[in-house]
Ligand code: GUN
Ligand code: ZN
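Numbering (the numbering used here), first residue to last: 14 to 443.
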């Protein structure tokens, strides 16, 4: 057992932040669990007597919070972050596909996976649902690195058998065989999970989408990830390619790719029927505000998602997105919410923003109570924030008069400097 004394942030079942100014977090191993869990948490006064004799690491002045969950990110795109383009489709053609073609080389994949995960941890992200590339070796490299670090991570081989160049395009039948082999090799190993990954409907033939849907039906615990309704040109293209579908989103439904554990990035240009489909199938939206602002894709409709009641979580979408820092993503989500705001007040509250990047994103993955929170039973992935990491943050957090003001100060001013330490739950002894 280990204990940490600090201010502690976590979330209750009503999505409200619970903050113990002088708190104690106790983590340790429980029978049958793969890794350390939260055993007890709360006010120091109340929790310390439960663990007599256990000496806590003294982190007073710091804030312990759940590790962030990035609901959609492309690890191979870390090296094309900040590449300018007039919009999504030229960006894919000019930067993304050439970069992804380099992942045919397992050595390159291993080196990038290592760098990417170091960067995630430096930014306080402990779980991600990530795209690899169309090369199976890119998945092996990612999972090998995540396993070495004991992280809870999901990825999958990108499926794209048309409308993309040599070097990244795959073969329909082989792509499905490779996917099934990777599921068997990796899904459920330690804390790893496989995600069936059709890039987006325009890059997948009917046969490939049908095969992906069949795999999803055979493996209900595996995740599905794709992109939808990001950009007007992309949507017009999808409409041309699938003229019989009611909408772009409905293409995925037709192929059996809408269900719980299916995560669709962007979901910007949806209508109410699409939103109802998201809710009724249990699919979730990965909201990617820095990417949507950078590529000029549009503004996610947070109020529309709330009205319909489908699951959402925040995501960096690096390399379309401009930062792996959850603080940058939360601030961008706040700006995007301002765009569609119909009621006076804040667009999203700081507690909502933080929840959507931790417990909310975990819930969107079907992992509530597992990651993204620090309630008893959760896996013990957490971060230690140092609110005095810069002169300005020290002044501003020091004068915060409420929890919302403190959280907002960190969202607006925070970046990787704020994350003093990231702890991944230690694996249980075999
Ligand atoms: N749509 C299809 N592929 C991609 C991608 O790599 N990034 C983004 N943002 N959108 C996509
Ligand atoms: Zn993406």
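We put the beta carbon where it would ideally sit given N, CA and C, even for glycine. Predicted, not measured: the structure shown is a model, and the values here were computed from it.
Put residue 341 into one of helix, strand or coil per three-state DSSP.
helix
Taking C-alpha atoms, which residue in 206, 289 and 283 lies nearest to residue 241?
283
Quick one: using the 10 Å Cβ neighbour count with 16 as the cut-off for buried, is residue 319 buried or exposed?
exposed
For residue 153, which option in 138, 127 and 131 has the closest C-alpha, if you only look at C-alpha atoms?
127
Within this structure, are the beta carbons of residue 135 and residue 163 separated by less than 8 angstroms?
No, these two residues do not count as a Cβ contact at 8 angstroms.
Within the same chain, show all residues whose beta-carbon is closer than 8 angstroms to that of residue 257, passing over the 5 residues directly before and after it, in chain order.
If we look at residue 257 and ignore the five residues flanking it on each side, it has no Cβ neighbours.
Applying the criterion that 16 or more other CB atoms from any shown protein chain within 10 Å of the CB defines a buried residue, is residue 167 buried or exposed?
Answer is buried; the Cβ neighbour count reaches 16.
Is the beta carbon of residue 144 within less than 7 angstroms of some heavy atom of the ligand ZN?
yes
If residue 172 sits next to residue 214, beta carbons under 8 angstroms apart, how far is it from one beta carbon to the other, in whole angstroms?
Not quite, the Cβ-Cβ distance comes to about 11 angstroms (not below 8 angstroms), so this is no contact.
Looking at the secondary structure, which residues open and close the alpha helix (DSSP H) in which residue 303 lies?
Start and end: 302-307.
Between residue 333 and the ligand GUN, is there a pair consisting of the residue's CB and a ligand heavy atom that are separated by less than 7 angstroms?
yes
On the premise that residue 302 lies in contact with residue 345, defined as a C-beta separation below 8 angstroms, what is that separation, rounded to the nearest angstrom?
That pair is a contact at about 4 angstroms.
What residue ranges within the stretch 122-195 form continuous alpha helix (DSSP H) runs of no fewer than 4 residues, ordered along the chain?
149-162
Output needed for residue 266: all residues of its chain with C-beta closer than 8 angstroms, excluding positions within five of it in sequence on either side, in chain order.
The residues are 290 and 294.
Can you tell me whether residue 58 is helix, strand or coil according to DSSP?
helix
Validate contact between the stretch 75-88 and the stretch 131-148 using beta carbons, cut 8 angstroms, 3 pairs:
yes
Rounded distance between the beta-carbons of residue 400 and residue 81, thought under 8 angstroms
About 16 angstroms; that fails the 8 angstroms criterion.
Beta-carbon gap between residue 157 and residue 174 smaller than 8 angstroms
no
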